[in-house]
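Colleague:
Set out below in structure tokens:
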């Protein structure tokens, strides 16, 4: 069975009451990470509500009709969906599954302002790729003031949103991080640090799989020679006996074992020609050889000479 490639992207869900400052943090992070790799962008959810003047199709949301939204439900295109805030039948929100998976497959960092139920469903579906951040307002009064100042909801709508706050606050303890948005500068700084840390953590597997680890090997090589010290001559043409150096094995010990296996069962360690022994007891080889194999593996050979019996 073919193995499904591990998704390298990240979905960061920003959860919190309306007016907590989630969208402001998202926009600030996108600006601060602009031009960097991986790309940081907003994850567009699907919604049936009208587009606001400051929004753009496909950036904050995919704005669809109720008929199209129902088709997406029936065809299994949504990871989750729900009716939010209860303003008639025109406030459906949902997470398009294909849009999310394409973003995760591309390695992007997706920032999403979604309801806590959607965040919970995303975490369940993609536990290795979803980070939850709860944006905590300093007070109910601050929420009311912020919603009134942005002038996108009337008093009735603000009241309905406030009724959701207790359930939303209960979700805070389930998130990976909680940001108190009392001072936006401090909240932004913390959010920036969280993203940097998570990007670095996500990059760990990529680095481990592509740089150094499992990309090099050590060997020991023994060249049989004859003659007096300083004028040794190889008595065999390459390739000379060579073997992988096992972890935690001294190269000298491995070279002696190789000489006994390949040249002389009774090989004398005094005949294994080395460089001068270091002060810590390490017995270095005469030479180090570095090559890169055709498969890209870097190879370092610890080369000793073995003075065969005359």
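Residue numbers (the working numbering): 27 to 336.
Even for Gly, the Cβ is constructed at its ideal location relative to N, Cα and C.
If you're wondering where the values come from, they're calculated on a predicted model, not measured in any experiment.
(1) Flag this pair as yes or no: are the beta carbons of residue 37 and residue 138 separated by less than 8 angstroms?
(2) In three-state DSSP terms, what is residue 50?
(3) Apart from the five residues just before and just after residue 113, which ones in its own chain have a Cβ nearer than 7 angstroms to its Cβ?
(4) On the three-state DSSP scale, how would you describe residue 206?
(5) Using alpha carbons as the reference points, say which of 148, 179 and 307 lies closest to residue 278.
(6) Does DSSP put residue 129 in a helix, in a strand, or in coil?
(7) Is the distance from the Cβ of residue 69 to the Cβ of residue 136 below 8 angstroms?
(8) Can you round the beta-carbon distance between residue 267 and residue 247 to whole angstroms, since I take them to be within the 8 angstroms contact cut?
(9) Just how far apart, CA to CA, sit residue 108 and residue 229?
(10) Does the Cβ of residue 189 have 16 or more other Cβ atoms within 10 Å, making it buried, or fewer, making it exposed?
(11) Give the DSSP bridge partners of residue 328, in chain order.
(12) Could you have a look at residue 321 and say whether DSSP puts it in helix, strand or coil?
(13) Distance, Cα to Cα, residue 201 vs residue 119?
(14) Can you tell me the Cβ-Cβ gap for residue 329 and residue 312, rounded? I've got them flagged as a contact below 8 angstroms.
(15) From residue 99 to residue 87, what does the alpha carbon distance come to, in whole angstroms?
(16) Would residue 207 pass as a contact of residue 46 if the rule is Cβ separation under 8 angstroms?
(17) My understanding is that residue 220 touches residue 159, with C-beta atoms under 8 angstroms, so please give their C-beta distance in whole angstroms.
(18) State the start and end residues of the unbroken alpha helix (DSSP H) segment that holds residue 98.
(19) Just to check my reading of the structure: residue 39 and residue 145 have Cβ atoms closer than 8 angstroms, yes? What is that Cβ distance to the nearest angstrom?
(20) Buried or exposed for residue 95, going by 16 or more other Cβ atoms inside 10 Å?
(21) Does the beta-carbon of residue 292 have 16 or more other beta-carbons within 10 angstroms, so that it is buried, or is it exposed?
(22) Note down, in chain order, each residue of its chain lying with its Cβ closer than 7 angstroms to the Cβ of residue 64, except the 5 sequence neighbours on either side.
(23) In angstroms with no decimal places, state the Cα-to-Cα distance between residue 149 and residue 309.
(24) What's the C-alpha gap between residue 193 and residue 199?
(25) Would you identify the three-state DSSP class for residue 158, choosing helix, strand or coil?
Modeller: According to the structure data:
(1) Here residue 37 is taken as the residue at index 11 of the chain shown, counted from 1. Here residue 138 is taken as the residue at index 112 of the chain shown, counted from 1. Yes. Within cutoff.
(2) Numbered from its first residue, the chain shown carries residue 50 at position 24. Three-state DSSP puts residue 50 in a helix.
(3) Within the chain shown, the letter at position 87 stands for residue 113. For residue 113, the predicted structure reports a pLDDT of 48, less than 50, and the residue's modelled location is therefore unreliable. A value from the coordinates is still provided. The residues are 183.
(4) Within the chain shown, the letter at position 180 stands for residue 206. Three-state DSSP puts residue 206 in a strand.
(5) Numbered from its first residue, the chain shown carries residue 278 at position 252. Answer by Cα proximity: 307.
(6) The sequence position of residue 129 within the chain shown is 103, counting from 1. Three-state result, residue 129: helix.
(7) Within the chain shown, numbered from 1, the residue matching residue 69 stands at position 43. Within the chain shown, numbered from 1, the residue matching residue 136 stands at position 110. Going by C-beta atoms, residue 69 is nearer than 8 angstroms to residue 136.
(8) As a first step, residue 267 must be located in the chain shown, where it is residue number 241. As a first step, residue 247 must be located in the chain shown, where it is residue number 221. The pair is a contact, with the Cβ atoms about 7 angstroms apart (cut-off 8 angstroms).
(9) One-based indexing of the chain shown puts residue 108 at position 82. One-based indexing of the chain shown puts residue 229 at position 203. Each residue's Cα considered, the two are about 34 angstroms apart.
(10) Sequence index remark: in the chain shown, residue 189 carries index 163 (1-based). When all chains shown are included, residue 189 counts as exposed.
(11) Sequence index remark: in the chain shown, residue 328 carries index 302 (1-based). Residue 328 is bridged to 246 and 314.
(12) Working through the chain shown from its first residue, we reach residue 321 at position 295. Here residue 321 sits in coil by DSSP.
(13) Numbered from its first residue, the chain shown carries residue 201 at position 175. Numbered from its first residue, the chain shown carries residue 119 at position 93. For residue 201 and residue 119, the distance between alpha carbons rounds to 21 angstroms.
(14) As a first step, residue 329 is located in the chain shown; it is residue number 303 there, counting from the start. As a first step, residue 312 is located in the chain shown; it is residue number 286 there, counting from the start. Their Cβ separation, rounded to whole angstroms, is 6 angstroms, which keeps residue 329 and residue 312 in contact under 8 angstroms.
(15) Along the chain shown, one-based indexing puts residue 99 at 73. Along the chain shown, one-based indexing puts residue 87 at 61. Approximately 16 angstroms between the Cα atoms of the pair.
(16) Translated into the one-based positions of the chain shown, residue 207 becomes position 181. Translated into the one-based positions of the chain shown, residue 46 becomes position 20. Yes, the Cβ-Cβ distance between residue 207 and residue 46 is below 8 angstroms.
(17) Sequence index remark: in the chain shown, residue 220 carries index 194 (1-based). Sequence index remark: in the chain shown, residue 159 carries index 133 (1-based). Right, their Cβ atoms sit about 7 angstroms apart.
(18) What you label residue 98 is simply residue 72 of the chain shown in a count that begins at 1. 92-100 is the span of the alpha helix (DSSP H), which, as asked, contains residue 98.
(19) The residue you call residue 39 lines up with position 13 of the chain shown. The residue you call residue 145 lines up with position 119 of the chain shown. The pair is a contact, with the Cβ atoms about 4 angstroms apart (cut-off 8 angstroms).
(20) The sequence position of residue 95 within the chain shown is 69, counting from 1. Flag for residue 95 reads buried.
(21) Start at 1 with the first residue of the chain shown, and residue 292 comes out as number 266. The residue is exposed, with fewer than 16 neighbouring Cβ atoms inside 10 Å.
(22) Position 38 of the chain shown, counted from the start, is the residue given in the question as residue 64. Cβ neighbours of residue 64 beyond the five flanking positions: 133, 134, 135 and 225.
(23) Taking the chain shown and counting its residues from 1, one reaches residue 149 at position 123. Taking the chain shown and counting its residues from 1, one reaches residue 309 at position 283. Their backbone Cα atoms lie some 54 angstroms apart in a straight line.
(24) Walking along the chain shown from the start, residue 193 turns up at place 167. Walking along the chain shown from the start, residue 199 turns up at place 173. Distance between the alpha carbons of residue 193 and residue 199: 12 angstroms.
(25) What you label residue 158 is simply residue 132 of the chain shown in a count that begins at 1. Strand at residue 158.
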